[in-house]
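Residue numbers (UniProt numbering): 1 to 370.
All C-beta atoms, glycine included, are put in the ideal place defined by N, C-alpha and C.
Heads up, the thing below is written out as structure tokens.
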């Protein structure tokens with residue numbers, strides 16, 4: 001991979017981000033795509049394929065911890081329909097890209113945003129806020145909709161020929177598809193999506209963590225993406241659906257967790273964890289084992305008790321349980337119950353913080369004047 005580039009690009013893998021790179025490459029400029037990764041989005045396993053299909057160098061950039069911290073601290077521009085901080089998300093990526101420019105000798109940053117394409121983050125007001133708050137006004141170019149925006153320094157300098165850039169706006173995708181065909185793409189991707197924070201099922205998985213965690217626990221958020229999820233109070237039980245889930249559960253395991261594995265029958269691995277690192281009591285362990293066994297058809301059809309191996313903070317042991325999804329502990333699937341109240345609480349917290357910071361600023365000015 002070349003270590004000197006004219007531009008760094010936010011590269012999601014969606015069609016708009018690919019086209020933004022291509023129209024800049026068409027002007028003889030070198031582009032490095034930055035593919036940002038968190039527990040909520042990112043497909044690093046596709047990078048090699050994308051590079052071959054679209055002729056763009058791509059670098060994976062993991063921003064998991066700072067992204068989760070931003071969500072726990074309350075996103076400055078609010079939260080979307082579910083738990084998605086779309087505006088703050090783009091601001092964070094642009095700030096990160098700006099911080100990498102010197103490393104790669106880049107002169108400007110490009111993004112595949114299109115005016116009017118998305119209701120929350122691509123209105124003109126939002127585009128302006130993103131550009132200003134990310135402090136990239138002097139380096140950001142949105143090639144696909146550049147002609148709907150004020151001219152940028154890289155265009156004024158002649159580095160980028162503004163007249164050769166497309167003029168795209170609105171929710172329609174006819175022009176993008178036409179461009180993809182003209183480039184001869186063998187695979188035409190869908191619009192960049194796949195953010196789990198915008199999906200009902202996944203938002204429900206993350207809500208308990210967003211409501212209760214105080215620190216950006218990346219491992220816990222990764223666990224919330226794996227397998228079937230069941231909560232009982234502050235206890236989470238993640239049950240593998242397939243071999244890939246079982247392998248991920250083994251990778252995510254850490255001290256203090258409980259792993260449940262059915263003995264003598266094929267079935268899933270399960271991982272149990274507490275929000276506050278509290279040990280599980282005997283009933284919770286028994287119910288976790290019973291839940292795990294209930295997802296093994298052969299164990300369930302036996303109609304009698306089976307043995308489940310439990311590995312936890314106190315070592316390894318075996319428990320005999322009747323496979324069942326009806327438990328005294330009350331394990332239940334993820335729910336968005338409380339989402340509205342949480343969002344109101346977050347909004348109020350943000351307003352209080354703004355007022356407090358404003359008050360502190362006023363006091364500082366008064367002290368200076370005195």
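Check                                                                                                                                                            : Outcome
Buried or exposed: residue 320, going by 16 or more other Cβ atoms within 10 Å of its Cβ?                                                                        : exposed
Please confirm whether residue 56 and residue 33 have their CB atoms less than 7 Å apart.                                                                        : yes
The alpha helix (DSSP H) that contains residue 294, what's its start and end?                                                                                    : 282-294
According to DSSP, is residue 69 helix, strand or coil?                                                                                                          : helix
Assuming residue 297 is part of the beta strand (DSSP E), what are its boundary residues?                                                                        : That residue, residue 297, is in no beta strand (DSSP E); its alpha helix (DSSP H) goes 297-302.
How close, in whole Å, do the beta carbons of residue 97 and residue 10 come, if the pair is a contact with beta carbons under 8 Å?                              : 6 Å
Reducing DSSP to helix, strand and coil, say where residue 96 ends up.                                                                                           : helix
On the three-state DSSP scale, how would you describe residue 258?                                                                                               : strand
If you scan the UniProt domain "Thil AANH" (6-146) from start to end, which runs of the beta strand (DSSP E) of 3 or more residues do you find wholly inside it? : 7-10, 31-37, 57-62, 108-110
Is residue 347 helix, strand or coil by DSSP?                                                                                                                    : helix
Note the first and the last residue of the continuous alpha helix (DSSP H) segment covering residue 249.                                                         : 243-252
Alpha carbon to alpha carbon, how far is residue 106 from residue 6? Give it in angstroms, no decimals.                                                          : 5 Å
Could you check which residue in 219, 52, 177 has the C-alpha nearest to that of residue 38?                                                                     : 219
Got a sec? Which residues, its chain only, sit under 6 Å from residue 336 by beta carbon, not counting five neighbours each side?                                : 204
Among 265, 160, 217, which residue has its Cα nearest to the Cα of residue 276?                                                                                  : 217
Starting from residue 157, follow the alpha helix (DSSP H) in both directions and report where the run begins and ends.                                          : It is not in any alpha helix (DSSP H) - residue 157 carries neither H nor E in the DSSP assignment.
My output table needs one value for residue 150: the three-state DSSP class, helix, strand or coil.                                                              : coil
Comparing C-alpha positions only, which one of 148, 162, 189, 81 sits nearest to residue 49?                                                                     : 189
Cα-Cα, which of 122, 21, 3, 208 is closest to residue 100?                                                                                                       : 3
Give a yes or no on contact between the region 263-278 and the region 230-250, applying the rule of three or more CB pairs nearer than 8 Å.                      : yes
Please state whether DSSP places residue 318 in a helix, a strand or coil.                                                                                       : strand
For the beta strand (DSSP E) containing residue 229, list its first residue and its last residue.                                                                : 228-232
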